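So the sequence shown is numbered by my numbering: it starts at 45 and just counts up by one. All residues carry an ideal CB built from backbone N, CA and C; glycine is no exception. Please read all numbers here as calculations on a predicted model, not as lab measurements.
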Amino acid sequence: MMAPHALESTGWVIKDGVMVDATSGQPLSFEITVATPEDQRLALNYSDALKGIGVEGNVRYVDSSQYQQLRQTYDFDMIFNF
45 MMAPHALEST
55 GWVIKDGVMV
65 DATSGQPLSF
75 EITVATPEDQ
85 RLALNYSDAL
95 KGIGVEGNVR
105 YVDSSQYQQL
115 RQTYDFDMIF
125 NF
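Now the structure itself:
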């Protein structure tokens, strides 16, 4: 798997099954914002796959107006939209 190796080359290490910053010990986590039930389902599957490499992807379901506001202000970690 290439992702863990790529992360390790930039200062991340797997410790007790969790990807953490080698210097600070902070876990690698981010929020995945979605606006539809279909995207939520896909994002949850993606989040489960991330756990396999020790990364925490927290899925946040918002209504369409919140979603548009977050997009316009770039106030998100990751937008999931298919």
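Inter-residue Cα distance where the pair is residue 83 and residue 125: 6 Å
Buried versus exposed, by CB contacts within 10 Å (16 or more), residue 66: exposed
DSSP state of residue 80 mapped onto helix, strand, coil: coil
Rounded separation between residue 54 and residue 63 - CA only: 12 Å
Inter-residue CB distance, residue 48 and residue 58 (contact presumed, cutoff 8 Å): 7 Å
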